[in-house]
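The structure appears right after this line, and notes come after that.
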Amino acid sequence: MNIDVIYMCSSEDMTQIENKSVSLVVTSPPYNIDIRYGNKTAKGKVLESKGVKYSDNMDEDEYRTMLSRVFAECKRVVKDDGSIWVNIKNRLIDGEIVAPFWIQDFFRDMYLKNLIIWNFDWGGSTNKRFAPRYEFVFWFVKDKNNYTFNLDDVKIPVLNYRPDKYKSQLRNPTDVWRMSMVSGNFQERTAHPAQYPEQLIERIILTGSNPGDIIMDPFMGSGTTAVVAKKLGRHYLGYEIVKDYCDIANERLSKVEGQVTHD
Ligand SMILES: C[S@@+](CC[C@H](N)C(=O)[O-])C[C@H]1O[C@@H](n2cnc3c(N)ncnc32)[C@H](O)[C@@H]1O
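First residue of the sequence shown? That's 26 in our numbering, and the numbers climb one at a time after it.
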């Protein structure tokens, strides 16, 4: 089986990946809110895709069928002590919030260990409701008693540390993660309209895997998951149907190549 590859095809079929070979799946699926993947970017530039174009406005049943196929493949390739992390957010459909709890239906044979709230300050404003400032990260494990969880690797500084009161200057993160979105002036910013931040994925990969493990992202986009995996000495695998995004991901990866030791 090849590793450190992003396949330019749909992740509904992951024939290239062996059963139970992946330690961690980390992903952010398309949201089906009509983001013009393969056409317009967040910066308003037009990216002409020569590969398969994907528009984020499928019929809802078709969308959920696609996700069910992808997640079935994710479960097939994940090891018994592995886990699946899915970043997803509320959608506004016909003036009403649709919360993404329906994705749990795809993971009834796994266990939800945490539902992380990722909170940030950046985003659009509205005077019709409170402006949205969080997304979810669902964390599912295959075996509820045996899974990788390296809590010591992701400790964070205690606020207002007092040596008389606290044993350590570090504490465990909670299930609310306050981390910035990737805004326009960030060095990691690419032309992808739905890029998630390296900081978010770094905590997930450190917690849920060990050096040398394989991390897989079925919706690779600009390659954030692969880039962070590489930086942390892990291997990556992934799928992305838009050629321009594969190119962006591979270019980002070429800049981190050499920083890590391969097993
Ligand atoms: C929310 S974005 C992921 C962004 C990514 N996390 C990043 O940081 O850049 C979802 C991606 O999934 C891709 N995609 C949609 N359907 C797909 C499929 N069936 N197989 C593989 N990729 C797909 C889209 O082109 C889009 O780039």
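Heads up, the beta-carbon is just placed ideally off N, CA and C, and yes, glycines get one too.
Closest residue to residue i among the options (Cα-Cα distance)
i, options, result
"Ile118", "Met39, Pro243 and Tyr56", "Tyr56"
"Ser193", "Arg203, Ser208, Asp177 and Gly258", "Asp177"
"Met206", "Asp238, Asn112 and Arg101", "Asn112"
"Pro236", "Asp189, Met33 and Gly258", "Gly258"
"Glu276", "Thr215, Ile239 and Arg101", "Thr215"
"Arg154", "Phe244, Gly120, Asn144 and Ile141", "Gly120"
"Tyr270", "Leu278, Ile229, His217 and Gln129", "His217"
"Lys45", "Phe131, Met83, Thr199 and Asp106", "Asp106"
"Val179", "Ile229, Arg158, Val252 and Asn170", "Ile229"
"Phe165", "Ile58, Phe145 and Phe132", "Phe132"
"Asn144", "Asn152, Asp200 and Arg101", "Asp200"
"Glu213", "Thr90, Val281 and Tyr136", "Val281"
"Ala97", "Leu195, Arg158, Met39 and Tyr88", "Met39"
Anticipated Cβ contact below 8 Å, residue i with residue j, distance rounded
i, j, result
"Ser48", "Lys114", "Not confirmed; about 25 Å, so no contact."
"Gly246", "Gln224", "With a Cβ gap of about 16 Å, Gly246 and Gln224 do not count as contacting."
"Gly263", "Thr250", "7 Å"
"Val50", "Trp147", "Val50 to Trp147, Cβ: 26 Å. No contact."
"Ala274", "Ile28", "Not quite, the Cβ-Cβ distance comes to about 15 Å (not below 8 Å), so this is no contact."
"Ile266", "Ser35", "6 Å"
"Pro243", "Cys99", "6 Å"
"Met83", "Lys268", "With a Cβ gap of about 20 Å, Met83 and Lys268 do not count as contacting."
N- and C-terminal bounds of the beta strand (DSSP E) containing residue i
i, result
"Ile31", "Val30 to Tyr32"
"Tyr264", "His260 to Tyr264"
"Met241", "Ile239 to Asp242"
"Lys255", "Run containing Lys255: none in the beta strand (DSSP E); it sits in the alpha helix (DSSP H), Thr249 to Lys256."
Residue i to residue j span [Cα, whole Å]
i, j, result
"Asp134", "Lys167", "8 Å"
"Asn64", "Met26", "Any reading at Asn64 must be qualified, since the residue scores a pLDDT of 49, below 50, and its modelled position is unreliable; no value is offered."
"Asp197", "Lys138", "According to the sequence displayed, residue 197 carries Asn and not Asp. Straight-line Cα distance between these residues: approximately 16 Å."
"Glu37", "Arg116", "23 Å"
"Asn175", "Gly233", "6 Å"
"Tyr261", "Arg187", "41 Å"
"Met204", "Asp272", "27 Å"
"Gln41", "Val95", "14 Å"
"Asp86", "Leu92", "10 Å"
"Met241", "Glu43", "12 Å"
"Ala156", "Phe211", "22 Å"
"Tyr172", "Gly209", "36 Å"
"Phe2", "Ile141", "Because the chain in this structure spans residues 26 to 288, residue 2 falls outside the shown range and cannot be described."
"Thr286", "Lys190", "No answer about Thr286 holds up, because its pLDDT of 49 lies below 50 and its placement is not dependable."
"Tyr130", "Gly149", "According to the sequence as given, residue 130 is Asp; it is not Tyr. Roughly 30 Å between the two C-alpha positions."
"Ile226", "Val253", "7 Å"
"Lys169", "Ser108", "10 Å"
"Leu278", "Asp238", "17 Å"
"Lys255", "Leu231", "12 Å"
"Lys75", "Val102", "Bear in mind that the predicted position of Lys75 carries a pLDDT of just 41, short of 50, making it too unreliable to give a figure here."
First and last residue of the uninterrupted alpha helix (DSSP H) at residue i
i, result
"Asp272", "Lys268 to Val281"
"Gly233", "Glu223 to Gly233"
"Glu87", "Glu85 to Val102"
"Val51", "Per DSSP, Val51 belongs to no alpha helix (DSSP H); it is in the beta strand (DSSP E), Val47 to Thr52."
Short CB-CB distance (under 8 Å) between residue i and chain B
i, result
"Leu137", "You won't find chain B in this structure, because it holds only one protein chain."
Requested in this report: Kindly confirm or deny that the stretch 175–186 and the stretch 116–130 touch, where touching means at least three C-beta pairs closer than 8 Å.
Outcome: no
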